[in-house]
Amino acid sequence: MLLSVWRSIIINSWILFLYCYANNHFYKGYEVVRVLPKTNEHLQLIRHFEDNYGGKLKSCRDLNKLIYYFILNRYEVVRVLPKTNEHLQLIRHFEDNYGVDRWSEVLTINRDVKMSLPRKQAPKIKKLFKQHGIDVKILHNDLEKLIQKSDDISKQHKIRTKRLTVNIASSHLTGYLRYQEIVEFLKEQHRRSPPLRNFTSLFSIGSTHENRSIWTIRIGKPSARRNILIDCGIHAREFISPSTCLYMIDKLIGEVNNGRVSLLSVFNIYIIPLLNPDGYEYAQTERRMWRKNRALNGYYHNPDSKCIGVDLNRNFGYHWMENGASTNPCSETYAGPHQDSEPETRSLQRFIKQSSRHWDAYLTFHSYGQYWIYPWGFALHMPDDYIELNNKATIGSEALKRVNGTLYKIGSAANLLYESAGGSDDWAKGVGQIKYVYTVELRPSDDMNDEHAHFAFMLPETFIEPVGQETYVGVKGFLRSLITSRSQKSLSKNKY
C-alpha cells in the first residue's frame, strides 16, 4: 500500500523524489517498507539514514518525517536589526520574493527581527542586507537541530509524565495533540460535565477545505446571559495555542464538577480550540513551520499559482489588504484572493454575527512574544475606548504574572507590533461590534535575552502546563473585571 509520496522537494539545485511503500506487515515492531532511489543523492541519503537512524525508523511516517527534517537543515535562522523605513521595506520584499519566513511579530525600527532563510538564497539575502547597512547575526545554522532539540525535550517530558496519559482527558498536559485526538478530548470533556445541568454543549461552526470540522465547546450555566468567545490555533505552527485552549477547557469543566461556578453563572464561555485544523494537522505531520491554511490557491483562487495556503489572520474583511499583508500566494502573509475568501474565516464570522448572543469579549490566542494586545492592527490610531481596553488587559496580565512571574507587554497591535490589516481581532471589534477584543501572544518572549526565546514557535511540550496555568488565571482575572465593571455601572446609574 502506498503510504506516502513525497512531492518534489528542492534541496539546493537538485530534486529529491522518494516513494515509501509498506508491505502491510511488521517484523519485531518494525514496518517493512521499500523506497525507490532514483539518483546518487538518494543512495547517499539512504546510507546516511542507515548509519545514523537505523534503530529509530519503524514506519514510512518516521522515514518521511526524517526526510523533511533533512530538508529543514537547508534553512538557517538569523536576526537582523532594521534602522530605517527602507530596511523595513527590504525585509518585506524578501518575505514576498525570496521565501524568507519572518518569525518576529514586531516589525519596527530598532527592534530585532528573527527570520529563517532558505539556504540556497541565504548568501544573496545576507549580502543584500549588508549592502543596505543591516547587520546579520546567525542564530542557528540548521533549523532541524532546533526542532530536534524541542522534540527531544518533549520526549523526555512524556517519559516523565507517562502516568498522566492513562486517559484522553489528561493527555493535553503531556503533548501537542493531533486533530482527531483534540476531537476525542472535547467529546470526553463534554461527557465529564454534569449531564442533567446542561453546563456544556459541543458543536461545529463549519468545515475547512479538507472537510475537517471546526469544533466549539460551550461551558456555562444555561441561565448565564453574558457570552465570551475564545479561539486558538488560527496559525498552524503555533502549537502552544490550541494546547492552552484545551487546558482552559479542562479547568473550567473541573470547576463545574467541583461546584465552583461563580464565573459560569454569569458567562457562557465558547472555546474554539483549533480554528485552522487543516494547517495544524499538516504542521503536525509534514511541515513543522507551516503557518497558513491549506487552500489550493491554483485550484480555488489563482490558476497560475502552485503555492498553497492563505494566512487566515490577514483574510478578514475589515480594512483588508491595507497594511502588513501580501498578494503573493507564496507569501506567509498571503491575504487570499479577496476578503473573507476562506471557509475558516467565514465560519467564525457567521458564528459571531448570526447568533442571537451578545458578545462581551473575544480573545484569540497566538504565539509567540508575550503580548496582550488590542485593536487596531490596520492603523496606528486607537479605538475610542482604548483606555478601558488597556485597563482590562492590565488586569488580566497582572493576574497572569502572579502565577509564574511571566511578563506581558500591553498596547494596541499596530503601535506595539506593526500595522497589519485583515486580522480576526480588528474584524471582531469593527464589524462584530464586540467591545473587549484582544490578541494574546503566548510564550516564549521575543526578547533575545530570554533563555527560551530561541524556541520561538517550537516551544517544548514541557511548557504546556505552566503556560496553561498562568493563562487560565489571567483570563479569569480579566473576566472578573468585566463583572466588576458592570456592577459599578449599575450602581452609578442607580445613584443618579
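Numbering follows numbering that gives the first Met the number 0, with no gaps: position 412 of the sequence shown is 411. Glycine included, C-beta positions come from ideal geometry on N, C-alpha and C.
Give the single residue among 419, 451, 175, 482 whose Cα lies nearest to the Cα of residue 332. Restricting attention to 419, 451, 175, 482, the CA atom closest to the CA of residue 332 is found in 419.
Excluding sequence positions up to five away, which residues of its chain have a Cβ less than 6 Å from the Cβ of residue 459? Closer than 6 Å at Cβ, skipping near neighbours: 149, 152, 153.
Cβ-based neighbour list, residue 156, same chain, cut-off 6 Å, excluding 5 preceding and 5 following: For residue 156, the CB contacts under 6 Å within the same chain, skipping 5 residues up- and downstream, are 460, 461 in chain order.
Given a threshold of 16 other Cβ atoms within 10 Å of its Cβ, counted over all protein chains shown, does residue 377 qualify as buried or as exposed? Buried is the call here.
When DSSP labels each residue in this structure, what does residue 473 get in the three-state scheme? Here residue 473 sits in helix by DSSP.
May I have the straight-line CA-CA distance separating residue 196 from residue 139, to the nearest angstrom? Those two C-alpha atoms are separated by around 53 Å.
Between residue 440 and residue 131, what straight-line distance do the alpha-carbon atoms span, to the nearest angstrom? C-alpha separation (whole angstroms): 31 Å.
With a threshold of 16 other CB atoms inside 10 Å of the CB of residue 27, please say whether the residue is buried or exposed. Confidence at residue 27 is low in this model, with a pLDDT of 48, below 50, so the placement of that residue is unreliable and no value is reported for it.
Other residues of its chain near residue 105: CB distance less than 8 Å, five sequence neighbours each side excluded: Shown here for residue 105: same chain residues with a beta carbon closer than 8 Å to its own, the five before and five after excluded, namely 112, 368, 415, 416, 417, 445 in chain order.
Applying the criterion that 16 or more other CB atoms from any shown protein chain within 10 Å of the CB defines a buried residue, is residue 171 buried or exposed? Counting the other CB atoms within 10 Å of its CB gives residue 171 a total of 16 or more, which places it among the buried residues.
Beta-carbon separation of residue 245 and residue 176 under 9 Å? Taking 9 Å as the cut-off, the Cβ atoms of residue 245 and residue 176 count as close.
When burial is assigned at 16 or more other CB atoms within 10 Å of the CB, is residue 202 buried or exposed? Per the 10 Å Cβ criterion, exposed.
Cβ of residue 421 versus every heavy atom of the ligand FMN: is any distance shorter than 8 Å? Questions concerning the ligand FMN fall outside what the structure shown contains, since it holds no ligand whatsoever.
Collapsed DSSP secondary structure at residue 294 in the structure displayed: Residue 294: coil per DSSP, three-state reduction.
Short of 6 Å in beta carbon distance, which residues of its chain neighbour residue 480, apart from the five on each side in sequence? Order them along the chain. Excluding residues within five positions, the ones whose Cβ falls inside 6 Å are 391, 394.
Might you give, ordered along the chain, the residues of its own chain that have their beta carbon closer than 6 Å to the beta carbon of residue 287, omitting 5 neighbours on each side? Within the same chain, residue 287 has close Cβ partners 146.
Residues bridged to residue 226 by DSSP? Paired residue(s): 267, 358.
Could you pull the start and end residues of the alpha helix (DSSP H) that residue 395 belongs to? For residue 395, the enclosing alpha helix (DSSP H) starts and ends at 385 to 403.
Looking only at C-alpha atoms, which of 404, 204, 289, 90 sits nearest to residue 468? Of the residues 404, 204, 289, 90, the one whose Cα lies closest to the Cα of residue 468 is 404.
Residue from 442, 330, 470, 335 whose Cα sits closest to the Cα of residue 362: If we check each option's Cα against that of residue 362, 470 comes out closest.
Tell me, please, whether the region 93 to 103 touches the region 117 to 124 by the rule of three or more beta-carbon pairs shorter than 8 Å. Cβ pair count under 8 Å is three or more, so yes.
Nearest CA to the CA of residue 228: which residue from 424, 329, 335, 406? Nearest of 424, 329, 335, 406 to residue 228, Cα basis: 424.
Of the choices 274, 372, 110, whose alpha-carbon is the least far from that of residue 80? Closest option to residue 80, Cα to Cα, is 110.
With DSSP collapsed to three states, give me the class of residue 233. In the displayed model, residue 233 falls within coil according to three-state DSSP, outside both helix and strand.
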